Amino acid sequence: MGEVTEGDNGKVNGGGGGGGGGEGEVRVLVVDDSAVDRRIVEGLLKRSGTMFEVIAVDSGKKAMEILGLNEGKAESPTVNDKKIDIILTDYCMPEMTGYDLLKAVKEQSCPKSIPVVIMSSENEPQRINRCRAIGADDFILKPLQTKDVQKLRSYATSMALASKAGTKRKMPLDLMASSWAAFWLDSARRFSFYCVIFLCWCALILYERSLNGNL
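Residue numbers for the sequence shown follow the UniProt record's numbering, beginning at 1 and rising by one.
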């Protein structure tokens, strides 16, 4: 399992882990100003049984550098020529909050499709709704649990499948509307058909009773 962490020199360094750089790995950009919390997240990802490559930084500014948002890059964000699959960021950070980072990512065309999950030790509905309103894929409470790790995997996998298919992760509104319209139209037709069958059956019963003088 590959690991990329932030060294003492402030640079992002790659670490060993047996099998790093595998094609099936999920590359997670972890952003948290707390060194303890970063280590907890990295440790949980390692023990999850899922192949994760972790890129850990201590600020939104450094995350912006990795994503190329400070340089106006047009290509997809990469580390060592590997694309970032998902961003996991703390909400409360100095200078640049997780919300600010989320907003910056979603305002750019290339990194916009990368799933962003917000972490926080406080369960505040207003904060959650604020992040979801601008594109956060999820909002999870600290400390992370095994079920949260599985969510990260599913978000990254969904994005990869959508990219290979040449489609967006979310269904366009017009396509969604047409799909629902077709569903309800078919349902209405089926209901009308069953109503006709039922009425014919009732008419047949009444006719038989009238013949037998039981009406």
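C-beta: ideal position from N, C-alpha, C; glycine also. Computed from a predicted structure; not experimentally measured.
Residue i in three-state terms, based on DSSP
i: ALA56; result: strand
i: ILE144; result: Residue 144 is actually Leu in this sequence, not Ile. Reduced to three states, the DSSP call for LEU144 is coil.
i: THR167; result: Note on THR167: pLDDT 46, under 50, position unreliable in the model; no value is reported.
i: CYS131; result: helix
i: THR157; result: helix
i: MET64; result: helix
i: PRO94; result: coil
Residue from the options whose Cα sits closest to the Cα of residue i
i: PRO94; options: ILE84, VAL116, LYS62 and VAL117; result: LYS62
i: MET96; options: ASN123, ILE87, GLN126 and GLY60; result: GLY60
i: GLY98; options: THR146, VAL116 and PHE198; result: VAL116
i: ASP33; options: LEU152, ALA133 and ASP58; result: ASP58
i: VAL149; options: LEU211, VAL41, LEU102 and CYS202; result: VAL41
i: PRO143; options: ASN123, ASP100, TYR194 and ILE197; result: ASN123
i: ILE55; options: ASP37, PRO125, LEU44 and VAL30; result: VAL30
i: LYS147; options: GLU208, ARG47 and LEU211; result: ARG47
Proximity below 9 Å, CB of residue i to CB of residue j
i: ALA136; j: ILE114; result: no
i: ALA35; j: MET64; result: no
i: ARG127; j: LYS82; result: no
i: LEU102; j: ILE134; result: yes
i: ALA156; j: ASP90; result: no
i: LEU152; j: SER121; result: no
Bridge partner(s) assigned by DSSP for residue i
i: LYS103; result: DSSP lists no partner for LYS103.
i: THR89; result: VAL31 and ILE118
i: ASP138; result: VAL117
i: VAL26; result: PHE52
The segment 100-111 / the segment 63-70 touching (three or more Cβ pairs under 8 Å): yes
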